[in-house]
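Read the structure below first, then the notes.
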Amino acid sequence: MLITIIIPTFNEIEKGFLATILENLKGLNDCEVICVDSQSNDGTCQLIEKHQAKLLTCLTDSRGDRLNQGIEQAKGEIIFLHHPRSIIDTKVFREIQNFKNPKVWGALTHSFDKNHYLLNFTSWYSNEVRGKINGIYYLDHCLFFHKDLLPRKNPIPKVPIFEDTLICQKLLQSGHPLLLPYTSKTSAIRFEKNGIWRQVVLNLLLKLAFHFNIDYQTMNRLYEKGLSLNSKY
Numbered sequence: 003m004l005i006t007i008i009i010p011t012f013n014e015i016e017k018g019f020l021a022t023i024l025e026n027l028k029g030l031n032d033c034e035v036i037c038v039d040s041q042s043n044d045g046t047c048q049l050i051e052k053h054q055a056k057l058l059t060c061l062t063d064s065r066g067d068r069l070n071q072g073i074e075q076a077k078g079e080i081i082f083l084h085h086p087r088s089i090i091d092t093k094v095f096r097e098i099q100n101f102k103n104p105k106v107w108g109a110l111t112h113s114f115d116k117n118h119y120l121l122n123f124t125s126w127y128s129n130e131v132r133g134k135i136n137g138i139y140y141l142d143h144c145l146f147f148h149k150d151l152l153p154r155k156n157p158i159p160k161v162p163i164f165e166d167t168l169i170c171q172k173l174l175q176s177g178h179p180l181l182l183p184y185t186s187k188t189s190a191i192r193f194e195k196n197g198i199w200r201q202v203v204l205n206l207l208l209k210l211a212f213h214f215n216i217d218y219q220t221m222n223r224l225y226e227k228g229l230s231l232n233s234k235y
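Numbering (my numbering), first residue to last: 3 to 235.
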C-alpha cells in the first residue's frame, strides 16, 4: 500500500531541519514524498529537488492550502502529514502499511528536541490529554489517515492556523485516533526564540481565540510574529 508523505515548506534552510528530514525519508519502500512550498526564496526548492522529492508550488502562504494541494496530488492510499521541523522514527511506515481497517487514523508520539520541564509537560499533555482523550493532534505529531476519509475536493479547510485541529475534528467522525509509540521529535524553536513561558501563554490565548471563532489571519499573525516559520507577515 502506497503512503504519500506530504511536507509543507516555507523558507526552511535557516531552520536547518529539511535536509535531515529528506535524508531520513530516503529509500523507503512504497512511499512517495511530496513537498508543497509557498514560494520560498532561500534555496528550499533547490534542496528539495536535490533530494529528488516531488516539488509542488503553492501560491499562498497558508499551510492549509499547502496540505490541500499535496493531498489532491497524492498517489498513495494513505496520507502522512509530516511537520517540516520534526524528525520521525521511519519504522512507523511499516506499521501503517499493515493496517487493514481503512478507517484507522492517528498520530505519532510527540517530544521536543530540548529538555525543559514545561516542554516535557507540553508534550505529555499533547499525547495523553488533548490527543488520547480529546482526539486532537497537532501537525507536529505527524498525522496519518486513509485518503478516502476526507473529501476529494478541498479535504482540508483553507486556513493558515489550526488546520490540524479542523482535520482531526473531521476525522473523528470515522473513529478515535491511534497514538503510535514511534516518536516525532519537534524543534522547540518557537519556545527558544519567544521564551518558553511567553510561548506557553500565547498558545493558551490562541486556543481560547480559536474557541471563540476569532479571525484565522489575526490568530496566525500573532503566532508568527517575529518568527515567520509557517507564514510571512
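Just so it is clear, CB atoms sit at the ideal spot from N, CA and C, and this is done for glycine as well.
Among residues of its own chain, excluding the 5 on either side of Glu165, which ones have a beta-carbon nearer than 7 Å to its beta-carbon?
As a working mapping, residue 165 is identified with position 163 in the sequence shown. Cβ-Cβ distances below 7 Å link Glu165 to Arg65, Gly66, Leu69, Ile158 and Pro159 in the same chain, with the five nearest sequence neighbours on each side left out; the list follows chain order.
Leaving out the 5 sequence neighbours to the left and right, which residues in its chain are closer than 7 Å to Thr46 when beta-carbon positions are compared?
Here residue 46 refers to the residue found at position 44 of the sequence shown. Excluding positions up to five away in sequence, the list reads Thr11, Asn13, Glu14, Ile15, Leu20 and Asp39.
Just checking my contact of Ile163 with Asn222 at CB under 8 Å: how many whole Å lie between their CB atoms?
The residue given as residue 163 occupies position 161 in the sequence shown. The residue given as residue 222 occupies position 220 in the sequence shown. Confirmed, Cβ separation roughly 4 Å.
Please list, in chain order, all residues of the same chain as Ser2 whose beta carbon is under 8 Å from its beta carbon, the five residues on each side excluded.
Outside the modelled stretch of the chain, which goes from 3 to 235, sits residue 2, for which no answer is possible.
Given this structure, state the Cα-to-Cα distance separating Leu24 from Ile98, to the nearest angstrom.
Against the sequence shown, residue 24 aligns to sequence position 22. Against the sequence shown, residue 98 aligns to sequence position 96. Whole-angstrom Cα-Cα distance: 19 Å.
So, for Thr167: in the same chain, excluding its five sequence neighbours on each side, which residues have a beta-carbon less than 6 Å away from its beta-carbon?
Residue 167 sits at position 165 when you count from the first residue of the sequence shown. Here the set comprises Ile138.
Are His148 and Glu74 closer than 8 Å when you measure CB to CB?
For the purposes of this step, residue 148 is taken as the residue at position 146 of the sequence shown. For the purposes of this step, residue 74 is taken as the residue at position 72 of the sequence shown. Note that the C-beta distance between His148 and Glu74 is not below 8 Å.
If we ignore side chains and look at the alpha-carbon of each, how far apart do Leu173 and Leu145 end up?
Counted from its first residue, the sequence shown places residue 173 at position 171. Counted from its first residue, the sequence shown places residue 145 at position 143. Between Leu173 and Leu145, the C-alpha separation is close to 11 Å.
Starting from Lys209 and walking both ways along the alpha helix (DSSP H), at which residues does that stretch end?
In the sequence shown, counting from the first residue as 1, residue 209 sits at position 207. In the DSSP annotation of this structure, the continuous segment of the alpha helix (DSSP H) that includes Lys209 starts and ends at Ile198 to His213.
Rounded Cβ spacing between Ala76 and Ile8 (contact assumed at less than 8 Å):
Translated into the one-based positions of the sequence shown, residue 76 becomes position 74. Translated into the one-based positions of the sequence shown, residue 8 becomes position 6. Confirmed, about 7 Å.
Assign Thr111 to one of two classes, buried (16 or more other C-beta atoms within 10 Å of its C-beta) or exposed (fewer than that).
If you number the sequence shown from 1, residue 111 lands on position 109. Under the 10 Å beta carbon count, Thr111 is surrounded by 16 or more other beta carbons and is classified as buried.
Return the chain-ordered list of same chain residues with a C-beta closer than 7 Å to the C-beta of Thr22, the five sequence neighbours on each side being excluded.
Counting from 1 along the sequence shown, the entry for residue 22 is found at position 20. Here the set comprises Ile89.
Which residue or residues does DSSP assign as beta-bridge partners of Ala109?
In the sequence shown, residue 109 corresponds to position 107, counting from 1. Bridge partners of Ala109: Leu145 and Leu181.
Report the residue ranges of all alpha helix (DSSP H) runs contained in full by the region 116-170; include only those spanning at least 4 residues, in chain order.
If only uninterrupted alpha helix (DSSP H) runs of at least 4 residues are considered, those enclosed by the region 116-170 are 119-127.
Bridge partners of Ile36, per DSSP?
Looking up residue 36 in the sequence shown gives position 34. In the DSSP secondary-structure assignment, Ile36 is bridged to Ile8 and Lys56.
Environment of His118 [buried if 16+ CB atoms lie within 10 Å]:
Counting from 1 along the sequence shown, the entry for residue 118 is found at position 116. By the neighbour-count rule (16 or more Cβ atoms within 10 Å), His118 is not buried but exposed.
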